[in-house]
Structures are given as structure tokens and as C-alpha cells.
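Undergrad: Each residue of the sequence shown is one higher than the last, beginning at -8 in the numbering used here.
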Amino acid sequence: MSSAFSSHAQPHLPDYADFRTFSVRVCAPTEFRVRVMMERLGRTDSDTVREEIERFDAARARILLASMSSRRTHGSTTSC
-8 MSSAFSSHAQ PHLPDYADFR TFSVRVCAPT EFRVRVMMER LGRTDSDTVR
42 EEIERFDAAR ARILLASMSS RRTHGSTTSC
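1. Given this structure, state the Cα-to-Cα distance separating Ser58 from Ser37, to the nearest angstrom.
2. Using only CA atoms, which one of Arg24, Ser60, Leu55, Val15 lies nearest to Glu43?
3. Which value, in whole angstroms, describes the spacing of the CA atoms of Arg16 and Leu55?
4. The alpha helix (DSSP H) spanning Arg34 covers which residue range?
So this is what it looks like as C-alpha cells:
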């Protein structure tokens, strides 16, 4: 099982509000995810489903890293 988290300020809140959010994403083991997606999509090729899951996870990681990089570049004091 894997997980990722981030903590960041909410720019849409008024300046006086110093609320922060804490997000957690937990993933099931790959084999379980492959089996579930095969059932949901009615597929029989586990390699293709595994590749789709890996592409999705890689895209998600790029988005998370870009988001963290953007906050650091724009002067955020939040660390992840």
C-alpha cells in the first residue's frame, strides 16, 4: 500500500484566515488494483490494465510535484 500527502494554504480564503488543509491519498496494492479494474472494465489482459494504472499514477505524481514546485516558487512557506 502506498500513500501521498500534502499540506497547503487555501488562497481563496480571506487574508485573516490561516486555515490549512491536509490531503491524503492511499492506494491499494497494485495487484488488487489490477484485479478490480479488470472486473470493472470487463478486461482480460492484466498487462494492459497494469500499464494504464502505472500511467495514471505517473501522471498523478507529476501533477503533485508540479503543484508543490509551484507553491515553493511563489513564496509559499508551506513544506511538504
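Even glycine gets a Cβ: it sits at the ideal position worked out from N, Cα and C.
TA: A quick look at the data gives this:
1. Counting from 1 along the sequence shown, the entry for residue 58 is found at position 67. Counting from 1 along the sequence shown, the entry for residue 37 is found at position 46. One C-alpha to the other measures close to 31 angstroms.
2. In the sequence shown, the residue the question calls residue 43 occupies position 52. The shortest C-alpha separation from Glu43 is found at Arg24.
3. Indexing the sequence shown from 1 puts residue 16 at position 25. Indexing the sequence shown from 1 puts residue 55 at position 64. Using only the alpha carbons, I get a separation of about 11 angstroms.
4. In the sequence shown, counting from the first residue as 1, residue 34 sits at position 43. First-last for Arg34: undefined, no H or E at that position.
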